[in-house]
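In mature numbering (1 follows the signal peptide of the UniProt record, and there is no 0), the protein residues as written are -19 to -1, 1 to 528. The beta carbon of each residue, even a glycine, is placed where N, CA and C say it ideally should be. Computed from a prediction, not measured in an experiment: that's the story for all the values here.
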């Protein structure tokens, strides 16, 4: 005889009276078995009862239900005693107010014809048992467990919640190229309007001057979705798929380029020839010496490690003395220090399909036009590849695959930079009683976007820039920023090396609704000295109470 772990149910309120064993809610632990039986089983169940059970597994897992014994009084079309099961009850809220609605249209089972093996489409499964005043039978005994829906390259799935991971995850992928696609089918039973992708782990090769030239992740949506690469762990995006039958998620990886991860960095006082490209013509700028320190920070050894274990891995952010170039993307190690970064390539993303008509989804739908959607009074947002670190070259035309020596391309260590061709909205759900949002950059190196125009950069300081004239190519757009004291004109575009207006650098307060800001970048990171290897942003937000 097979043994089962008995899980005890907590009673919940339903419309008809019931005993303590009639209905309840249970959290289903991953990999453990439980059972649910009709009241009094294996003896005859009572007449005139309605019992509803709600089973909840961890998010991203699914419940499997199998009937071991089934004996319920039969009737035409199971109009009397019966069992109904909903394997996709996404509309059930915490108070179970809509629990009855999830069974509408579901098949009924009675007699000796047991329901088939059932695997839920989400992490919730609902089961309802009804008996009338006529004679009763032995009832039923069903066992259940939960398991994670794991899919990978080449798979198709109808699941409403699942995990899409790289082959062999969490191990790193091979150095060879890989084309990996997953097809998400939306089904016809309940129309799907959005998909949310949560990047629990996202590490592929970094961008090359802002372009995802070597590795890329891409998909489709009613609204434009950027192509992604680099390090995007912790980020998320929404896809609008209304009216679409299926959506394909694709990773296209080229052969690993070791020069992104292993290099000998240049001395901070070394002379560098900067190359640029404008209107189809290339030219060379005069040599400049990177000799001004702006900031210092630490870099952990698991991100970049030198062969000199005696010294600390201190990192200095530098900028050339030219007043227009306020780049803060360069690290400077000791002269010719060998540096190595992790070559790991892997991903794990949680995928959640969101029905169009369900107002009580566990994962909320994003407002139209929002690529990202955050909830809560406070939180933080990073631009794509903000945490990307590695080796890069100042030579736009360098071909890593044909290099014979690292000096051929003038490779140095630094942030691998934000992505090109972005124009998307990040939205924040307004909490009751809050009428504005305060935006603040996280840390000294929390904001680095392209600048335009001549500005004076003081020693050991950063410079906020604002407005259409200064911020033409890469910028953050924030509407509804309140006027300063004295009636000072405010702006909507922000760039430079610090977020905010000059009187209060690093801080913005917006009362515009909806709560949102836009991220805009142009098509390149090399056509001007100040449009060069900008890191992006890490912005914290806090909603401000109404007054």
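Mind the definition here: the segment 357 to 369 touches the segment 328 to 336 only if three or more C-beta pairs lie below 8 Å; say whether that holds. no
For the 8 Å Cβ check, are there 3 or more pairs between the segment 136 to 147 and the segment 15 to 22? no
On the three-state DSSP scale, how would you describe residue 170? To locate residue 170, count along the chain shown from 1; it is residue 189. In this structure, residue 170 counts as coil in the three-state DSSP scheme.
Straight-line Cα distance separating residue 165 from residue 473: Sequence index remark: in the chain shown, residue 473 carries index 492 (1-based). Sequence index remark: in the chain shown, residue 165 carries index 184 (1-based). Between residue 473 and residue 165, the C-alpha separation is close to 38 Å.
Going by other Cβ atoms of all chains shown within 10 Å of its Cβ, with 16 needed for buried, is residue 429 buried or exposed? Within the chain shown, the letter at position 448 stands for residue 429. Counting Cβ neighbours within 10 Å, residue 429 comes out buried, since at least 16 surround it.
Shortest alpha-carbon distance to residue 41 belongs to which of 67, 216, 104, 62? Taking the first residue of the chain shown as position 1, residue 41 is located at position 60. Closest by alpha carbon: 104.
I want to know whether the segment 395 to 403 touches the segment 198 to 212 - three or more CB-CB distances under 8 Å. yes
Going by beta-carbon coordinates alone, are residue 344 and residue 177 separated by less than 8 Å? Here residue 344 refers to the residue found at position 363 when the chain shown is read from its first residue. Here residue 177 refers to the residue found at position 196 when the chain shown is read from its first residue. In contact: residue 344 and residue 177 (Cβ atoms closer than 8 Å).
Excluding five sequence neighbours on each side, which residues of the same chain lie with their C-beta closer than 7 Å to the C-beta of residue 458? For the purposes of this step, residue 458 is identified with residue 477 of the chain shown, where counting begins at 1. For residue 458, where only same-chain residues beyond five positions count, the Cβ hits under 7 Å are 473, 474, 498, 499, 501.
Whole angstroms is fine: what's the gap from residue 534's alpha carbon to residue 65's? Because the chain is modelled from -19 through 528, residue 534 falls outside the range shown and cannot be assessed.
Reducing DSSP to helix, strand and coil, say where residue 203 ends up. Counted from its first residue, the chain shown places residue 203 at position 222. Three-state DSSP puts residue 203 in coil, outside helix and strand.
Do you know offhand how far residue 413's Cα is from residue 404's? Taking the first residue of the chain shown as 1, we reach residue 413 at position 432. Taking the first residue of the chain shown as 1, we reach residue 404 at position 423. Cα to Cα, residue 413 sits roughly 29 Å from residue 404.
Sort 29, 491, 39, 33 by Cα distance to residue 10 and report the nearest one. Taking the chain shown and counting its residues from 1, the one referred to as residue 10 is at position 29. Among 29, 491, 39, 33, the Cα nearest to that of residue 10 is on 39.
Between residue 441 and the rest of its own chain, which residues show a CB-CB distance below 6 Å, the 5 nearest in sequence each way excluded? Mapped onto the chain shown, residue 441 falls at position 460. Residue placement at residue 441 is poorly supported in this model, since its pLDDT is 35, which falls under 50; the coordinates still yield a value, given next. None.
Residue 227 classed as buried or exposed, judged by whether at least 16 other C-beta atoms fall within 10 angstroms: As a position in the chain shown, residue 227 is number 246, starting the count at 1. Exposed, because fewer than 16 other Cβ atoms sit within 10 Å of the Cβ of residue 227.
Is the beta carbon of residue 419 sitting closer than 8 Å to the one on residue 523? Residue 419 sits at position 438 when you count from the first residue of the chain shown. Residue 523 sits at position 542 when you count from the first residue of the chain shown. Taking 8 Å as the Cβ cut-off, residue 419 and residue 523 qualify as a contacting pair.
Going by beta carbon distance, what residues of the same chain come within less than 6 Å of residue 488, once the five residues before and after it are set aside? As a position in the chain shown, residue 488 is number 507, starting the count at 1. Counting only Cβ-Cβ distances below 6 Å, and skipping sequence neighbours, we find 421, 481.
With a 10 Å radius around its C-beta and 16 neighbouring C-beta atoms as the bar for buried, classify residue 49 as buried or exposed. In the chain shown, residue 49 corresponds to position 68, counting from 1. Residue 49 should be labelled exposed.
How about residue 112 and residue 56: do their beta carbons lie closer than 8 Å? Indexing the chain shown from 1 puts residue 112 at position 131. Indexing the chain shown from 1 puts residue 56 at position 75. Against a cut-off of 8 Å, the Cβ pair of residue 56 and residue 112 comes out as no contact.
Assuming the contact rule is C-beta atoms closer than 8 Å, residue 220 and residue 175 should be a hit. Round their C-beta distance to whole Å, please. Looking up residue 220 in the chain shown gives position 239. Looking up residue 175 in the chain shown gives position 194. That pair is a contact at about 6 Å.
Looking only at its own chain, which residues have a Cβ that is under 6 Å from the Cβ of residue 347, when we skip the five neighbours before and after it? Position 366 of the chain shown holds residue 347. Within the same chain, residue 347 has close Cβ partners 219, 354.
So which of 99, 67, 97, 491 has the shortest CA-CA distance to residue 84? For the purposes of this step, residue 84 is identified with residue 103 of the chain shown, where counting begins at 1. Measuring from the Cα of residue 84, the nearest candidate turns out to be 67.
Helix, strand or coil for residue 82? Go by DSSP, reduced to three states. Counted from its first residue, the chain shown places residue 82 at position 101. Residue state, collapsed to three classes: helix.
I need the straight-line Cα distance from residue 217 to residue 181, nearest angstrom please. Here residue 217 refers to the residue found at position 236 of the chain shown. Here residue 181 refers to the residue found at position 200 of the chain shown. Answer to the nearest angstrom: the Cα atoms are 9 Å apart.
What do you get for residue 88, buried or exposed, if any count of 16 or more other CB atoms within 10 angstroms of its CB means buried? Against the chain shown, residue 88 aligns to sequence position 107. Counting Cβ neighbours within 10 Å, residue 88 comes out exposed, since fewer than 16 surround it.
Output yes or no for whether 8 Å exceeds the beta carbon distance between residue 36 and residue 7. Along the chain shown, read from residue 1 onward, the residue named residue 36 stands at position 55. Along the chain shown, read from residue 1 onward, the residue named residue 7 stands at position 26. Yes. Within cutoff.
Please name the residue, chosen from 150, 161, 151, 127, that lies closest to residue 135 on a Cα-to-Cα basis. Sequence index remark: in the chain shown, residue 135 carries index 154 (1-based). Checked all of 150, 161, 151, 127; the closest Cα to residue 135 is 161.
Mind checking whether residue 154 and residue 326 have CB atoms under 8 Å apart? Residue mapping note: residue 154 aligns to position 173 of the chain shown, counting from 1. Residue mapping note: residue 326 aligns to position 345 of the chain shown, counting from 1. Result yes, Cβ atoms of residue 154 and residue 326 sit closer than 8 Å.
According to DSSP, residue 15 sits in a beta bridge with which residue or residues? Residue numbering aside, residue 15 sits at position 34 when the chain shown is read from its first letter. Residue 15 pairs with 125.
Near residue 525, what residues of its chain come up, given a Cβ to Cβ distance below 6 Å and the 5 sequence neighbours on each side ignored? In the chain shown, residue 525 corresponds to position 544, counting from 1. So the qualifying residues of the chain are 417, 419.
DSSP-derived helix/strand/coil call for residue 63: As a position in the chain shown, residue 63 is number 82, starting the count at 1. Residue 63: strand per DSSP, three-state reduction.
In the DSSP output, which residue or residues are listed as bridge partners for residue 146? Here residue 146 corresponds to residue number 165 of the chain shown, with the count starting at 1. In DSSP, residue 146 forms a bridge with 329.
Whole angstroms are fine: how far does the CA of residue 364 sit from the CA of residue 455? Position 474 of the chain shown holds residue 455. Position 383 of the chain shown holds residue 364. Residue 455 and residue 364: Cα-Cα distance of roughly 12 Å.
Measuring alpha carbon to alpha carbon, tell me which residue in 519, 102, 503 is nearest residue 191. Position 210 of the chain shown, counting from 1, holds the residue named residue 191. Nearest C-alpha to residue 191: 503.
With a threshold of 6 Å on Cβ separation, who are the neighbours of residue 108 within its own chain once the five nearest residues in sequence on each side are excluded? Locating residue 108 in the chain shown gives position 127, where the first residue counts as 1. Counting only Cβ-Cβ distances below 6 Å, and skipping sequence neighbours, we find 34, 66.
Just the C-alpha distance for residue 115 and residue 18, rounded to the nearest angstrom, thanks. Looking up residue 115 in the chain shown gives position 134. Looking up residue 18 in the chain shown gives position 37. Approximately 20 Å, taken between the alpha carbons.
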